[in-house]
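Note sheet for the following structure.
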Amino acid sequence: MKLLKLFIALNLSINVALFTPISAHAAPKVIEQVAAVVNNNVILESDVNDMLKTIKASADPRTLPSDKVLRKQIIDRLIVENLILQRAAKAKITISDDEITGAIDGIAAENGMTIDQLRSRLSAMGISYSTYRERIHNDMLIEQARMHEVRPRIKVSPREVEQLTKTMTNQPTNNIDVKISHILISIPEKASKQQVDSATNKAMDIINRAKKGENFAKLATSYSNDDLALKGGSMGWRKLNELPTIFEERLIRAAKGSVVGPIRSGVGIHIIKVDDTRSEAPKKITLQEVNARHILIKTNVLVTDQVAKQKLTDIRKAITSGATTFTAAAKANSEDTGSKDNGGNLGWNRPEVYDNGFKSALLQLKKGEISQPIRSSYGWHLIQLIDTRQTDGTNMVKKDQAYRLIFNRKFAEEAQVWIQELKGDAYIKITGEGKNE
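All letters in the sequence shown, in the order written, are residues 1371 to 1807 by this note's numbering.
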């Protein structure tokens, strides 16, 4: 459904409430029941009930467990997101109103709606626009905090990239996509043998039930301890090389419909269901490269935008009239120390390496043409397009892909460890209906 992305934000967001003292002169108010305490914050029963209502309204009933089990998963999810929001506040991560508006505009566009239509749809669902904005704000904070905390832990070496690129080139049949669902049975850090055995037995029971035909999404929603539980454990389509190595080794020969596990990692025991597979034959990739040169004038307190633009206008007139050459003008005037001595020549490059303003102007030029003065983040430029060519970019693109695959694999692994650390360092107490679940 096109509304899927609209519902994602509703399903996976939270409202964080704080205890607020009642004024001596205020009218009596009904105090909401607290579902859980997370450090100095609380999660209200109304937060849990709101998410429960939204999930039941948008999910396939056949994939959902009992309300009791679903409430437990929702509380676990809200606790994790609450901890991440607290970390975001500690790191002073902020999201501007413009960023929130841009994200909502994007959601509306992807669902084929205008903003007014989105507002109407939210209203029909009983959700105010201001509440929706707050939920999107929280989602964006959570994503920013995750990147801020986890990204610095990830190291990808050139050797790793080269090795994976070579594998992808020499063994193209290994370039497989898998559509998978996942269940994690978490094990605490420094777990006892009894805890490990208990988790292993639980995982084996789930595997046996899945192999006998029980709905895997329902099992994931009931038992998984990762943040995909409320989506039935669905990880969608992934490159096989992108997955943790311990998954890749087990999945490379797994057929569609297979249930794979138990797989032990540092955070727990994993169970994977192969929903589908696909592969593509290797393709040759052609890239455009441009050979260009430029003259740069930087702005400062004395050299305003107007002054810089006028200077380049005069230089352009001198070049086009034949009074000077581009090379001579660049050597005499350009403030790009890396290219001025070479007549402003930037050599052959992909257009993507340049600043957006520079790239946009460059791609509009014909061979030999000189641009009007244009503004970039570095200053003002005259640009001349010398030539263009098509090159074989297959290896370059594979290296880019290899880097992303390795990074995503390591990020997924480290994010799980980070969540366990957050929970291990926090004071968490479930106090509401889920206390004994």
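Even glycine gets a Cβ: it sits at the ideal position worked out from N, Cα and C. If you're wondering where the values come from, they're calculated on a predicted model, not measured in any experiment.
1. Assuming V1660 and N1726 make a contact with CB atoms under 8 Å, what is their CB distance in whole Å?
2. Are the Cβ atoms of G1638 and I1555 separated by less than 7 Å?
3. Going by the DSSP bridge assignment, what does N1661 pair with across the sheet?
4. Is it buried or exposed for I1655, if we count other Cβ within 10 angstroms and need 16 for buried?
5. Ends of the beta strand (DSSP E) at N1411?
6. Taking S1527 as the reference, which of P1743, Q1790, I1798 and K1769 has the closest Cα?
7. Is the number of C-beta pairs between the stretch 1430-1448 and the stretch 1582-1601 that are closer than 8 Å three or more?
8. With a 10 Å radius around its C-beta and 16 neighbouring C-beta atoms as the bar for buried, classify G1583 as buried or exposed.
9. Nearest CA to the CA of S1691: which residue from N1419, H1518, I1740 and A1782?
10. Around the C-beta of W1788, are 16 or more other C-beta atoms found within 10 angstroms, so that it is buried, or is it exposed?
11. For K1549, does the three-state DSSP call read helix, strand or coil?
12. Do K1588 and P1435 come within 7 Å of each other at the CB atom, strictly closer than that value?
13. Determine the direct distance from the alpha carbon of R1759 to that of K1710, and round the result to whole angstroms.
14. Give, in chain order, every unbroken run of the beta strand (DSSP E) that is at least 3 residues long and sits entirely within the stretch 1511-1593.
15. Can we say the stretch 1731-1740 touches the stretch 1490-1502, given the rule of at least three CB pairs closer than 8 Å?
16. Tell me T1656's beta-bridge partners as DSSP assigns them.
17. Can the beta-carbon of L1682 be found closer than 7 Å to that of L1752?
18. Leaving out five residues before and five after M1605 in sequence, what residues of the same chain have Cβ atoms less than 7 Å from its Cβ?
19. What does DSSP give as the partner residues of L1422 in its beta bridges?
20. Could you give the distance in angstroms between the alpha-carbon of S1615 and the alpha-carbon of K1423?
21. Under three-state DSSP, which class holds G1631?
22. With burial defined as no fewer than 16 other Cβ atoms inside 10 Å of the residue's Cβ, what is the status of E1519: buried or exposed?
23. Can you tell me which of the three DSSP states G1638 falls into?
24. How is V1671 classed by DSSP in three states: helix, strand or coil?
25. Going by beta-carbon coordinates alone, are A1473 and I1506 separated by less than 7 Å?
26. Quick check on T1471: does DSSP put it in helix, strand or coil?
27. Rounded to whole angstroms, what's the CA-CA distance from D1467 to D1486? Just pull it up for me.
28. Would you identify the three-state DSSP class for D1646, choosing helix, strand or coil?
29. For R1523 and S1594, I'd like the C-alpha separation in whole angstroms.
30. In chain order, what are the residue ranges of uninterrupted alpha helix (DSSP H) at least 4 long that sit wholly in the stretch 1676-1753?
31. For K1769, list the residues DSSP reports as bridge partners.
32. Within 10 Å of its beta-carbon, does V1671 have 16 or more other beta-carbons around it, so buried, or fewer, so exposed?
33. What does DSSP give as the partner residues of K1609 in its beta bridges?
34. Short of 8 Å in beta carbon distance, which residues of its chain neighbour R1779, apart from the five on each side in sequence? Order them along the chain.
35. Let's see if you can read the secondary structure: which residues bound the alpha helix (DSSP H) around I1465?
36. Pull up the distance between the alpha-carbon of H1640 and that of D1795, whole angstroms please.
The structure says:
1. Taking the sequence shown and counting its residues from 1, the one referred to as residue 1660 is at position 290. Taking the sequence shown and counting its residues from 1, the one referred to as residue 1726 is at position 356. Actually they do not touch by this definition, with Cβ atoms about 15 Å apart.
2. As a position in the sequence shown, residue 1638 is number 268, starting the count at 1. As a position in the sequence shown, residue 1555 is number 185, starting the count at 1. Yes; because the gap between Cβ atoms is below 7 Å, this pair is in contact.
3. Position 291 of the sequence shown, counted from the start, is the residue given in the question as residue 1661. In DSSP, N1661 forms a bridge with W1718 and D1757.
4. As a working note, residue 1655 is residue 285 in the sequence shown. I1655 comes out exposed.
5. The residue you call residue 1411 lines up with position 41 of the sequence shown. N1411 to L1414 is the extent of the beta strand (DSSP E) around N1411.
6. Looking up residue 1527 in the sequence shown gives position 157. Minimum Cα distance to S1527 is reached at K1769.
7. yes
8. The residue you call residue 1583 lines up with position 213 of the sequence shown. So G1583 counts as exposed.
9. Working through the sequence shown from its first residue, we reach residue 1691 at position 321. The option with the nearest alpha carbon to S1691 is I1740.
10. Locating residue 1788 in the sequence shown gives position 418, where the first residue counts as 1. When all chains shown are included, W1788 counts as buried.
11. Taking the first residue of the sequence shown as position 1, residue 1549 is located at position 179. In this structure, K1549 counts as strand in the three-state DSSP scheme.
12. As a first step, residue 1435 must be located in the sequence shown, where it is residue number 65. As a first step, residue 1588 must be located in the sequence shown, where it is residue number 218. Yes, these two residues count as a Cβ contact at 7 Å.
13. Start at 1 with the first residue of the sequence shown, and residue 1710 comes out as number 340. Start at 1 with the first residue of the sequence shown, and residue 1759 comes out as number 389. In this structure, the straight-line span from the alpha carbon of K1710 to that of R1759 is close to 24 Å.
14. 1546-1556
15. no
16. The residue you call residue 1656 lines up with position 286 of the sequence shown. DSSP lists D1762 as partners of T1656.
17. As a working note, residue 1682 is residue 312 in the sequence shown. As a working note, residue 1752 is residue 382 in the sequence shown. Yes, Cβ-Cβ distance for L1682 and L1752 is below 7 Å.
18. Your numbering for residue 1605 matches position 235 in the sequence shown. Cβ neighbours of M1605 beyond the five flanking positions: I1550, S1551, H1552 and L1598.
19. As a first step, residue 1422 is located in the sequence shown; it is residue number 52 there, counting from the start. L1422 pairs with nothing; no bridge assigned.
20. Residue 1615 sits at position 245 when you count from the first residue of the sequence shown. Residue 1423 sits at position 53 when you count from the first residue of the sequence shown. According to the sequence provided, residue 1615 is Thr. The question's Ser does not apply to it. Pairing T1615 with K1423, the inter-Cα distance amounts to about 38 Å.
21. For this step, residue 1631 is matched to residue 261 along the sequence shown. It is a strand residue.
22. What you label residue 1519 is simply residue 149 of the sequence shown in a count that begins at 1. With 16 or more other Cβ atoms within 10 Å, it is buried.
23. What you label residue 1638 is simply residue 268 of the sequence shown in a count that begins at 1. Of the three classes helix, strand and coil, the one that applies to G1638 here is strand, per DSSP.
24. In the sequence shown, the residue the question calls residue 1671 occupies position 301. The answer is coil: DSSP assigns V1671 none of H, G, I, E or B.
25. Stepping through the sequence shown from its first residue, residue 1473 is reached at position 103. Stepping through the sequence shown from its first residue, residue 1506 is reached at position 136. Cβ atoms of A1473 and I1506: closer than 7 Å.
26. Taking the first residue of the sequence shown as 1, we reach residue 1471 at position 101. In this structure, T1471 counts as helix in the three-state DSSP scheme.
27. Position 97 of the sequence shown holds residue 1467. Position 116 of the sequence shown holds residue 1486. It is roughly 18 Å from the alpha-carbon of D1467 to the alpha-carbon of D1486.
28. Locating residue 1646 in the sequence shown gives position 276, counting from the first residue. D1646 falls in the strand class under three-state DSSP.
29. Stepping through the sequence shown from its first residue, residue 1523 is reached at position 153. Stepping through the sequence shown from its first residue, residue 1594 is reached at position 224. Near 25 Å, if we compare the C-alpha coordinates of S1594 and R1523.
30. 1696-1703 and 1726-1733
31. In the sequence shown, the residue the question calls residue 1769 occupies position 399. Per DSSP, none; premise fails for K1769.
32. Along the sequence shown, read from residue 1 onward, the residue named residue 1671 stands at position 301. It is exposed - the Cβ of V1671 has fewer than 16 other Cβ atoms within 10 Å.
33. By 1-based counting over the sequence shown, the position of residue 1609 is 239. Paired residues: D1547.
34. Position 409 of the sequence shown, counted from the first residue, corresponds to residue 1779. Contacts found: N1611, E1612, L1613, P1614 and T1615.
35. Translated into positions along the sequence shown, residue 1465 becomes position 95. No residue range can be given for I1465, since it is assigned to no alpha helix (DSSP H) and is classified by DSSP as neither H nor E.
36. The count along the sequence shown starts at 1 and reaches residue 1640 at position 270. The count along the sequence shown starts at 1 and reaches residue 1795 at position 425. If you take the alpha carbons of H1640 and D1795, they lie about 24 Å apart.
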